[in-house]
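**Student:**
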Amino acid sequence: MKIKKAIIPAAGYGTRFLPVTKAVPKELLPIVDKPMIQYIVEEAKLSGIELVILIVNHGKEAIEDHFDINYELEDTLRKKGSNGLLGLIEGLSDMIKIVSIRQKKALGLGHAVLQAKHLIGDEPFAVILGDDIIDAQRPCLQQMVEVYERYQKPIIAVQQVAREDISRYGIIKGTQADDRVYLLDDVVEKPSPETAPSDLAIIGRYILTPEIFDILENIPTGAGGEIQLTDGLKVLLKHNGMIGYRFEGERYDGGDKLGFLLANIAYAMKRPEIKDKLVDYLKGYTR
Ligand code: UTP
């Protein structure tokens, strides 16, 4: 079955980015001049997604506005003849169909995904985290959709991480079945490097089957009284099997200060009008 819907959970508090996230949604922080979530929605579109379901909370209305029409601004730019600028915002409102649902309490990523149950129905769907930016020639989600078509099993995107970072992630245990493809036996949340079953970490892209909803509704709350998606994935894995897919591309953790800054530098390097001056500045920078 084709993957047509993507859930983008964006109802977290973004505490690692306080104070800016007190009033500004983390997902709207810019990578150069585009909000992080726009990269995510563009990736969804390029991967064949037809409906994006945003999970938001109080204070995230500006995300909805970003993907809406702003007649006044468009009209002003049109009258000024600023066609270049107009082109940057004009297509945003009809790029893809977007609906938003409120997660009334931040009870975890699993709980956020559960909010979209009634809009998904009986079909496989994607989950893309609003702050995991992946720079890839072929969009990461598109790569995963192709793997889903081959294996017809839930897919989680993984990346190799340095030994010292292993304990920050969910880590997969499995056997390699093909280039970049792993058949999973288990996922282990934040293991120590000594006990970790691999160095392949789960990142913010998933293709899931609707069985996950019943599972999430029935699992006990995990760490911090939250419904953890990883706990649900463990059960789904036992029922349906699951694939870990080591995607092609560079991932930036936009929810982390350093990851966010690195993403800004990497994307700025692609802009001819910025690149040379940025390189000069960085070369001249001494500790
Ligand atoms: P994170 O824990 O990375 O994001 O959750 P956060 O809570 O926004 O940020 P910090 O850790 O406090 O700095 C991963 C993703 O899950 C979403 C977040 O919006 C983020 O995209 N999420 C998390 C929800 O939508 N609801 C939740 O209850 C928890």
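The sequence shown begins at 802 in the numbering used here and counts up one residue at a time.
Backbone N, C-alpha and C fix where the C-beta goes; we use that ideal spot for every residue, glycine too.
#1: Do Ala-1069 and Lys-1076 have their C-beta atoms within less than 8 angstroms of each other?
#2: Below 8 angstroms, can you find three or more Cβ-Cβ pairs linking the segment 847-866 to the segment 880-894?
#3: Does any residue of chain B have a CB that is nearer than 8 angstroms to the CB of Asn-858?
#4: How many angstroms separate the CA atom of Gly-892 from the CA atom of Glu-828?
#5: Could you tell me whether the Cβ atoms of Pro-810 and Ala-863 are closer together than 8 angstroms?
#6: So Ser-894 packs on Phe-926, CB below 8 angstroms; how close in whole Å?
#7: With distances taken from CA atoms, which of Val-1080, His-859, Tyr-1053 is nearest Met-837?
#8: Are Leu-1038 and Val-982 touching if we call contact CB-CB under 8 angstroms?
#9: Does the beta-carbon of His-912 have 16 or more other beta-carbons within 10 angstroms, so that it is buried, or is it exposed?
#10: Within the same chain, show all residues whose beta-carbon is closer than 7 angstroms to that of Lys-918, passing over the 5 residues directly before and after it, in chain order.
#11: On the CB-based measure, 16 or more other CB atoms within 10 Å of its CB, does Tyr-1086 come out buried or exposed?
#12: Can Lys-771 be considered in contact with ligand 1, in the sense that its beta carbon sits closer than 7 angstroms to one or more heavy atoms?
#13: Please report the residue range of the beta strand (DSSP E) in which Gln-960 lies.
#14: When every heavy atom of ligand 1 is checked, does at least one fall within less than 7 angstroms of the C-beta of Pro-820?
#15: How far does the beta strand (DSSP E) with Ala-812 in it extend, from its first residue to its last?
#16: Report, in whole angstroms, the separation of the C-beta atoms of Leu-942 and Ile-929, which I expect to be a contact under 8 angstroms.
#17: Kindly examine ligand 1 and report whether one of its heavy atoms sits closer than 7 angstroms to the Cβ of Thr-877.
#18: Strictly by DSSP, which residues pair up with Phe-1014?
#19: Ile-1044: which of Leu-1001, Glu-1018, Glu-1074 sits nearest, CA to CA?
#20: Check whether the Cβ of Ala-907 lies closer than 7 angstroms to any heavy atom of ligand 1, and answer yes or no.
#21: Please work out which residues of its chain come closer than 8 angstroms, Cβ to Cβ, to Val-833, disregarding the five sequence neighbours upstream and downstream, and give them in chain order.
#22: Output the residue ranges of the beta strand (DSSP E) runs that lie fully inside the segment 811-866 and measure 3 residues or longer, sorted by chain position.
#23: Is Ser-999 closer than 8 angstroms to Ile-1016 when the C-beta atoms are compared?
#24: On a CA-only basis, which of Phe-1048, Arg-969, Ile-804 is nearest Ile-957? Give me that one, please.
#25: Between Ile-921 and the rest of its own chain, which residues show a CB-CB distance below 7 angstroms, the 5 nearest in sequence each way excluded?
#26: Between Asn-1041 and the rest of its own chain, which residues show a CB-CB distance below 8 angstroms, the 5 nearest in sequence each way excluded?
#27: What residue range does the alpha helix (DSSP H) around Arg-951 cover?
#28: If I measure Cβ to Cβ from Tyr-840 and keep anything under 8 angstroms in the same chain, skipping five residues before and after, which residues do I get?
#29: Is Thr-877 buried or exposed, if buried means 16 or more other CB atoms sit within 10 Å of its CB?
#30: Please state the DSSP three-state secondary structure of Ser-883.
#31: If I'm right that Val-853 touches Arg-903 with Cβ under 8 angstroms, what's the distance once you round it to whole angstroms?
**Tutor:** Working from what's here:
#1: yes
#2: no
#3: Of the protein chains in this structure there is only one, and it is not chain B.
#4: 19 angstroms
#5: no
#6: Actually they do not touch by this definition, with Cβ atoms about 23 angstroms apart.
#7: Tyr-1053
#8: no
#9: buried
#10: Phe-1014
#11: exposed
#12: Missing from the structure shown is residue 771; the chain here goes from 802 to 1088 and no further.
#13: 956-961
#14: no
#15: Neither: Ala-812 is in no beta strand (DSSP E) and is coded neither H nor E.
#16: 6 angstroms
#17: no
#18: None; Phe-1014 has no bridge partner.
#19: Leu-1001
#20: yes
#21: Asn-1065, Tyr-1068, Ala-1069, Arg-1072, Ile-1075
#22: 852-857
#23: no
#24: Phe-1048
#25: Lys-806, Pro-1011
#26: Lys-954, Pro-955, Thr-1010, Glu-1012
#27: 941-952
#28: Ile-832, Ile-934
#29: exposed
#30: coil
#31: No, Val-853 and Arg-903 are not in contact; Cβ-Cβ is about 15 angstroms, not under 8 angstroms.
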